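The sequence shown begins at 260 in the numbering used here and counts up one residue at a time.
Ideal Cβ positions, reconstructed from N, Cα and C, are used throughout, including at glycine.
Computed from a predicted structure; not experimentally measured.
Heads up: the structure comes next, in structure tokens.
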Amino acid sequence: MNSLKISGFNINSKKKIIISGSKSESNRALILKYLFNSDITIDNLSSSDDTKILLKALENKTEIIDIHHAGTAMRFLTSLFAVTNKKNITLTGSDRMQQRPIGELVDSLQNLGADIIYEKEIGYPPLRFNGFNQKNSSIELRSDISSQFVSSLMLVAPFLKDGLKIKLVGNIFSKPYILLTSEVMNRFGFICLINKDEIEIKPTKKILIKNYFVESDWSSASYLYSIVALSGVELNLSTFKSNSLQGDSKLSKLYENFGVKTYFENDEIILKKTISHKKKKFIELNLIENPDLAQTIIITSLGLSIHTKLTGLDTLKIKETDRLLALKNEISKFNTDVLIDDHSIEIKNFPKILPENIEIDTYGDHRMALAFSPLSVLVKLVINDCGVISKSFPDYWTVLQKLNFNLEFNN
């Protein structure tokens, strides 16, 4: 499917929405299961392309493994292939993936004793693995580039004969994802200790638990939060926990800025727009711990015409696309002022009426399509390359159809 005409003017909010398991949690659990050759059962696994690609890569017996756009798979498999003594294996990805830096992670693994060669440009995929002979059990790692580098090393640490101590250097970006890694590992029975900027993980022989349940994906829920904020409808989502491991569960607090309240009932959340909520004139949020929510939140602000500034977005320039530039390009189509720098985005000076039938380009980025779609409760939209959502939320358009959105696909 190439483009989608979408509008959601008559939403049926009586349908319960089931969202598949967290992509982040699923991928961590799969790496641990593989490392220890465990027969553990993982329930409610993510249906995302990223998780499917990781599963396929773990089962792959060929010398060249292509993970396409799956950034998490690239980072996690780099450490896994390194420490499991894989030889003559090449890990590659899409053209964009080959532009995303991985040098800090490779440096750390080489310091541990991994033989890794850059097949093209130094610091970037593709990577070739030629074995592992552990030399150290402690490393320093910059934590102001990608939390996935930290998580990648954490996940393989219990497999190492002496475990691993990691000293984090610099500001810690997306810290909830590091804490998620730690909590998943603890639930698997590993000993993972975090003390400020130091992480210590003990060596382990085997996994003792037999079952692991993955909570549904809070990042995916963000688009439904945006729909509630813009339309005022009530929605029920499952399966979610009030004591979630996922950092993006902070949604339940962040969206109170837009009048959306979250009610937990058993394994469901009920989202309601507070009738008495007074629209704020200005919202400023630091999303250093939740940068993946930036696109959704800024588009909610666009729909509600709220002057908003989001900071802590340093990592967005090296995602599937330069997300800050992509947002500036697309939001500007709505006759709205957009200011960006390397760390933030700000929108202000909105039109009295949002223009109709604007074409949204998605830049190969699933979150561009997903984040802009809730605007369709206010105006008709066209979303180009709409199939890109399969990377994280392949059922999303089906969910909107169940809610009575009008979707017209064009090939």
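Comparing alpha carbon positions, the residue from 270, 283, 556, 452 closest to residue 433 is 283.
Taking 3 residues as the minimum length, the beta strand (DSSP E) runs contained wholly in the stretch 505-585 are 519-524, 527-532, 541-545, 566-570, in order along the chain.
Within the stretch 376-444, the runs of beta strand (DSSP E) that reach at least 3 residues and sit entirely inside it are, in chain order, 386-391, 397-401, 423-428. Listed as beta-bridge partners of residue 325 by DSSP are 351. In the structure shown, residue 267 falls within a coil segment according to DSSP collapsed to helix, strand and coil. Around residue 608, the same chain offers 595, 596 as residues with beta carbons nearer than 7 Å, after the five sequence neighbours per side are excluded. DSSP lists 264, 618 as the beta-bridge partner residues of residue 641.
Nearest C-alpha to residue 352 among 369, 453, 313, 390: 313. The alpha-carbon of residue 441 is positioned some 10 Å away from that of residue 287. Taking 8 Å as the cut-off, the Cβ atoms of residue 532 and residue 562 do not count as close. Contact annotation, residue 521 with residue 530: C-beta distance approximately 6 Å; criterion of less than 8 Å satisfied. The C-alpha of residue 663 lies about 19 Å from the C-alpha of residue 669. One thing to note: residue 402 has its Cβ within 8 Å of the Cβ of residue 431. With a 10 Å radius around the Cβ and a threshold of 16 neighbouring Cβ atoms, residue 302 comes out exposed. As DSSP reads the structure, residue 597 sits in a beta bridge with 606. The beta carbon of residue 267 lies closer than 6 Å to those of 635, 636, 664 in the same chain, with the five residues before and after it left out. For residue 272, there is no enclosing beta strand (DSSP E), as DSSP marks it with neither H nor E.
Under DSSP, residue 472 shares a beta bridge with 302. Contact annotation: the stretch 612-631 touches the stretch 650-661, with at least three C-beta pairs closer than 8 Å. Separation of residue 656 and residue 357 (C-alpha to C-alpha, rounded to the nearest whole angstrom) is 29 Å. In this structure, residue 567 sits away from residue 481, with a CB-CB distance that is not shorter than 8 Å.
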